[in-house]
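Okay, so here's the structure we're looking at.
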Amino acid sequence: SPAPLSFSTMSEVVLVQEYPAFYVPKFLLDLGFEVDPTGNGEGSLGTVKKFKNRDGIQAITIKKCTNPLESKVRAQLILRELINLRTIKHENLLDFMGSYMATDDGVMSVWYSGICTPETFALIRRISSLSLV
24 SPAPLSFSTM SEVVLVQEYP AFYVPKFLLD LGFEVDPTGN GEGSLGTVKK
74 FKNRDGIQAI TIKKCTNPLE SKVRAQLILR ELINLRTIKH ENLLDFMGSY
124 MATDDGVMSV WYSGICTPET FALIRRISSL SLV
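Each residue of the sequence shown is one higher than the one before, counting from 24 in our numbering.
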């Protein structure tokens, strides 16, 4: 499988929220996706943000897993979630697109696609070469 996508410079990621810091790949914004203020959530593994395309039809969700390497147990929980998302397909679950590590703040972010056209899904996968970290 391809090497994990890692952002080593801040020019490759964009800060979309100050606190807690939430970075996303710049190309996502270049494709016309914006933060959807109604699509925010938080769980035991991190924070979730929803991004909608300017057309209002396509959506992508990104989950920022805080402190993924804080402990072996936490790392295993995140890895288990990634494996489950990659293998389980269900109408109530979003399709898993991949994950990346934003090295500047040491966090792992997980991509999910929501209502996303096959063309946009393929384009994002091709641009980012996302894979499991």
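Glycine included, C-beta positions come from ideal geometry on N, C-alpha and C.
**Asked** If you count every other CB in all the chains shown that lies within 10 Å of the CB of T70, and 16 or more means buried, which is it?
**Response** The residue labelled residue 70 in the question sits at position 47 within the sequence shown. Label assigned to T70: buried.
**Prompt:** Exposed or buried, which one is V110 when buried takes at least 16 other CB atoms within 10 Å?
**Reply:** Counting from one through the sequence shown, the residue named residue 110 turns up at place 87. The residue you asked about is not Val; residue 110 is Thr in the sequence shown. Exposed is the call here.
**Asked** Taking contact to mean at least 3 C-beta pairs separated by less than 8 Å, is the stretch 53-63 in contact with the stretch 77-92?
**Response** yes
**Request:** Use the C-beta contact count for K72: other C-beta atoms within 10 angstroms, 16 or more gives buried, fewer gives exposed.
**Result:** Numbered from 1 along the sequence shown, position 49 holds the residue referred to as residue 72. Buried, because 16 or more other Cβ atoms sit within 10 Å of the Cβ of K72.
**Asked** Applying the criterion that 16 or more other CB atoms from any shown protein chain within 10 Å of the CB defines a buried residue, is L108 buried or exposed?
**Response** Here the question's residue 108 lines up with position 85 in the sequence shown. Residue burial is scored here from C-beta neighbours: L108 has at least 16 other C-beta atoms within 10 angstroms and is therefore classed as buried.
**Message:** Quick check: does the Cβ of T70 come within less than 8 Å of any heavy atom belonging to the ligand FAD?
**Reply:** With respect to the ligand FAD, the structure shown offers nothing to examine, as it has no ligands at all.
**Message:** Check this for me: beta carbons of I101 and L68, under 9 Å apart or not?
**Reply:** Stepping through the sequence shown from its first residue, residue 101 is reached at position 78. Stepping through the sequence shown from its first residue, residue 68 is reached at position 45. Cβ distance < 9 Å, so I101 and L68 count as in contact.
**Item:** Strand pairing of Q166, partner residues [DSSP]
**Value:** Outside the shown range of the chain (24 to 156) lies residue 166, about which nothing can therefore be said.
**Request:** Output yes or no for whether 9 Å exceeds the beta carbon distance between E35 and P48.
**Result:** Position 12 of the sequence shown holds residue 35. Position 25 of the sequence shown holds residue 48. Yes, they are a contact pair.
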